[in-house]
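One structure is given here, and the rest of the page talks about it.
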Amino acid sequence: MQRDSRRTAFVLAGGGSLGAVQVGMLSALVERGVRPDLVVGSSVGALNGAYFAGRPDREGVGSLARIWRGLSRRDVFPLSPLRTLLGLISRRSHLVDPGALRNLARDHLGFSELEQAATPLLVVATDLVDGSEVVLSRGSAADAVLASAAIPGIFPPVRIGRLQVVDGGIANDTPISVALAHGADRVVVLPTGISCALNRPPPSAVGLALHAIGLLVARQLVTAFERYAGRAQLTVVPPLCPLPVSPVDFGRSDEMMRAARLSTLRWIDGGGLELCGLPHEARPHRHDLGGAA
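By my numbering, the letter at position 85 of the sequence shown is numbered 85, and the numbering carries on one by one without gaps.
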């Protein structure tokens with residue numbers, strides 16, 4: 001296959017357990033020979049993006065898929081009643097111990113420093129003091145991923161240099177602007193989608209927080225697309241829809257990865273990579289599927 005002369009960036013957004021959708025998208029893109037020159041990730045997209053940037057091939061995506069198949073909520077959000085109570089009544093800044101998430105990043109990335117990734121990698125986080133965007137390209141990969149996924153109040157902030165940083169979704173969850181600022185003239189956005197077919201919001205505090213962030217992400221994507229569509233070829237891979245899965249439900253990862261791979265293959269084969277519109281599946285919406293929960 002002839003190498004595309006455009007500088008292509010993959011931009012991966014956040015979405016909790018719906019990040020499994022991105023793994024299916026990556027699988028399809030790699031199968032069809034689409035390779036990025038730059039990977040930009042925020043929140044769970046930082047975890048997926050970092051792993052992919054380290055091993056940007058079929059074997060790497062297959063390994064990432066195996067990690068997702070083995071994940072449970074306890075591997076990411078190990079909640080306990082005692083810790084939750086302490087978080088509510090004490091000066092503790094968070095409800096969830098970040099150790100499990102840190103171990104997940106440290107044990108599976110395959111490289112220790114961001115600059116060691118096989119494909120150039122940028123991780124987006126947020127300065128907790130002033131809310132500004134923090135773009136990380138050097139230093140500890142595990143710290144960068146943990147910082148980008150540190151939902152305020154759920155996880156503690158992460159110290160990066162002199163900064164206290166948290167979830168990248170606050171400042172820029174779909175960091176198209178970061179890809180453009182680093183020379184991309186073709187941007188392929190991999191959204192996680194939204195839980196558009198739930199018949200009620202998730203009941204847990206963490207689930208409700210992630211669901212609300214997912215709605216914010218969808219609106220940010222619309223705004224970013226409208227703002228930057230004229231500056232580069234901007235393509236958004238359609239996420240799964242309808243999607244009756246909570247962003248804290250890790251039990252359906254394999255199902256979502258398989259479905260996203262097939263839908264993305266069909267989209268690519270139908271000329272989707274050359275389309276520049278924002279698919280309706282990526283816009284905020286909802287479905288009423290009766291018993292879906």
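Using N, Cα and C, we set each Cβ at its ideal position, and we do this for glycine too.
**C-beta contact flag for A260 and V21 at 9 Å** = Yes. Within cutoff.
**Message:** Quick check: the Cα distance between D173 and S63, rounded to an integer number of angstroms?
**Reply:** Going from the Cα of D173 to the Cα of S63 covers about 25 Å.
**Request:** List the whole-angstrom C-beta distance separating V135 from L122, where the pair is believed to meet the contact cut-off of C-beta under 8 Å.
**Result:** Confirmed, Cβ separation roughly 6 Å.
**Message:** For the structure I just gave you, are there three or more beta carbon pairs, one from the segment 47 to 60 and one from the segment 102 to 116, closer than 8 Å?
**Reply:** Yes, since at least three Cβ pairs between the segment 47 to 60 and the segment 102 to 116 fall closer than 8 Å, the two stretches touch.
**Request:** Identify the continuous alpha helix (DSSP H) that holds F77 and give its terminal residues.
**Result:** Note, F77: premise wrong, no alpha helix (DSSP H); not H, not E.
**Message:** Just to confirm before moving on: does the CB-CB distance between R7 and G251 stay below 9 Å?
**Reply:** The answer is no: Cβ separation not under 9 Å.
**Request:** Alpha carbon to alpha carbon, how far is C241 from A46? Give it in angstroms, no decimals.
**Result:** Spanning the two alpha carbons is a distance of roughly 23 Å.
**Asked** V57 to S27, Cα distance in whole Å?
**Response** Reading the sequence as shown, one finds Asp at residue 57 and not Val. Their Cα atoms are separated by approximately 9 Å.
**Message:** Taking 7 Å as the limit between beta carbons, can you name the residues of its chain near R283, skipping five residues before and five after?
**Reply:** Correct list, in chain order: A218 and V222.
**Item:** Helix, strand or coil at D127 according to DSSP, with G and I counted as helix
**Value:** Of the three classes helix, strand and coil, the one that applies to D127 here is strand, per DSSP.
**Asked** Taking Cβ to Cβ, would you say A150 is nearer than 9 Å to P98?
**Response** Yes, they are a contact pair.
**Request:** Go ahead and pull the three-state DSSP assignment for L163.
**Result:** Judged by DSSP in its simplified three-state form, L163 adopts strand.
**CB contact flag (L190, L12, <9 Å)** = In this structure, L12 lies closer than 9 Å to L190 by Cβ.
**For A260, the first and last residue of its enclosing beta strand (DSSP E)** = Counting along the chain, A260 sits inside no beta strand (DSSP E); it lies in the alpha helix (DSSP H) bounded by residues S253 to D269.
**Option in G277, P244 and R162 with minimal Cα separation from G193** = Nearest C-alpha to G193 among G277, P244 and R162: P244.
**Prompt:** Cα separation between V61 and V30?
**Reply:** Just so you know, the alpha carbons of V61 and V30 end up roughly 8 Å apart.
**Message:** Please report the straight-line C-alpha distance between D130 and S195, rounded to a whole angstrom.
**Reply:** Roughly 30 Å between the two C-alpha positions.
**Message:** So, with DSSP's three-state summary, where would you put S132?
**Reply:** DSSP places S132 in coil when its eight states are reduced to three.
**Asked** If we ignore side chains and look at the alpha-carbon of each, how far apart do P36 and A232 end up?
**Response** Cα-Cα distance, rounded: 15 Å.
**Request:** Compute the beta-carbon to beta-carbon distance between V188 and V237, rounded to the nearest angstrom, for a pair I have assumed lies under 8 Å.
**Result:** Contact flag correct, Cβ pair sits at about 7 Å.
**Request:** Pull up the distance between the alpha-carbon of R200 and that of R73, whole angstroms please.
**Result:** About 20 Å.
**Message:** I need the straight-line Cα distance from M256 to L18, nearest angstrom please.
**Reply:** When the Cα atoms are used, M256 and L18 turn out to be separated by approximately 8 Å.
**Prompt:** Based on the DSSP secondary-structure assignment, which residues constitute the bridge partners of F250?
**Reply:** According to DSSP, F250 bridges with nothing at all.
**Request:** Can you have a look at D269 and say buried or exposed, based on whether 16 or more other CB atoms are within 10 angstroms of its CB?
**Result:** By the neighbour-count definition (other C-beta atoms within 10 Å, threshold 16), D269 is an exposed residue.
**Asked** Exposed or buried, what is S132 when buried is set at 16 or more other beta-carbons lying within 10 Å of its beta-carbon?
**Response** Residue environment analysis places S132 among the exposed positions, since fewer than 16 neighbouring C-beta atoms fall within 10 angstroms of its C-beta.
**Item:** Residues that DSSP places opposite F155 in a beta bridge
**Value:** Looking at the DSSP output, F155 sits in a beta bridge with P152.
**Request:** Would you mind giving the Cβ-Cβ distance between G139 and E113, rounded to the nearest angstrom? I have them listed as a contact below 8 Å.
**Result:** The Cβ separation is near 6 Å, so the contact holds.
**Request:** Using alpha carbons as the reference points, say which of A100, V158 and H211 lies closest to R286.
**Result:** The candidate whose alpha carbon is nearest that of R286 is H211.
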